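This report concerns only the one structure given below.
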Amino acid sequence: MPEWNLAQAIGMVAFVIGATAFLHSDGRRFRLHLMVFQVVLCSHFIMMGALVAAFGCGISAIRSYASTKTQSTPVMLFFIAMLWVMGVPQLEHSYELLTIFGSSVATWALFKTQGIQMRLLVMFNSFCWVTNNLLLGSIGGTLMELTFIIVNSLTILRMYRTGLRTPA
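Number 125 in UniProt numbering belongs to position 125 of the sequence shown; there are no gaps in the numbering.
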């Protein structure tokens, strides 16, 4: 059982902030909410000594904001490159690669997709991160990603149903 400390408490704060991000159907609000969540989660991972995860969250926070301003391929590629350049040298465990790969997929999704497709790809990222968080022992991070998967699934279902009722 992981130890309860300030780092875990910050992780729980991130969980509370992040738990509502996937309720947004509006892509811009979704991206901005993700940014706030990722900044807080970055602090949690720094305090836990998980530098790959911290770099991933920090870069992802900036990426989430940038994706509200541009859908530029060079900007997207910059963020993906940063994930790999900053993350790989910090790897201590093979499972940490999941965070880099998942975050790369989510970056592509935020810059190049919309709607349900974007949320499905971001959900793939959540599966990568839940595995990392379980192995790391992050209570808030694990709860958060599991909640993301559930809430994101419900939002996708709601968006799908709304799409079926909307005439083409």
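C-beta: ideal position from N, C-alpha, C; glycine also. A quick note: this is a predicted structure, and the numbers were derived from the prediction, not measured.
For the candidate residues G18, T107, A9, whose alpha-carbon lies nearest to that of A66?
Of the listed residues, the one whose Cα sits closest to A66 is T107.
I think L32 touches T68, with their Cβ atoms under 8 Å apart; what is that distance to the nearest whole Å?
Contact holds; Cβ gap of about 6 Å.
Answer with buried or exposed for Q117, where buried requires no fewer than 16 other C-beta atoms within 10 angstroms of its C-beta.
Under this definition Q117 is an exposed residue.
So, with DSSP's three-state summary, where would you put G137?
Coil at G137, not helix or strand.
Quick one: what's got a C-beta closer than 7 Å to H24's C-beta in the same chain, skipping five residues either side?
Excluding sequence neighbours, H24 sits near F30, H33.
Of the residues R63, M86, Y160, which one's Cα is nearest the Cα of residue 212?
For residue 212 there is no data in the structure shown, the boundaries of the chain being 1 and 168.
N- and C-terminal bounds of the alpha helix (DSSP H) containing F111:
That run of the alpha helix (DSSP H) goes 97 to 112.
Cβ atoms of V151 and N125: under 8 Å apart, would you say?
Not a contact, by the Cβ cut-off of 8 Å.
Measuring alpha carbon to alpha carbon, tell me which residue in F37, S72, A61 is nearest G140.
Cα-wise, what sits closest to G140 is F37.
Does DSSP put I17 in a helix, a strand or coil?
Residue state for I17 is assigned as helix, using DSSP reduced to three classes.
Figure out for me which residue from S60, L83, L98 has the closest Cα to the Cα of L110.
Checked all of S60, L83, L98; the closest Cα to L110 is S60.
Cβ of N132 within 8 Å of Cβ of E92?
No, Cβ-Cβ distance for N132 and E92 is not below 8 Å.
Hey, would you say H44 sits closer than 8 Å to G11, going by beta carbons?
Yes. Within cutoff.
Roughly how many angstroms separate the alpha carbons of T147 and P74, rounded to a whole number?
Computed Cα separation, rounded: 32 Å.
Give the DSSP-derived three-state secondary structure of G49 in the structure shown.
Collapsing the DSSP output to three states places G49 in coil.
Out of curiosity, what's the CA-to-CA distance linking L143 and M159?
The alpha-carbon of L143 is positioned some 24 Å away from that of M159.
Coarse secondary structure for T147, derived from DSSP in three states
In the three-state reduction of the DSSP assignment, T147 falls in the helix class, which pools H, G and I.
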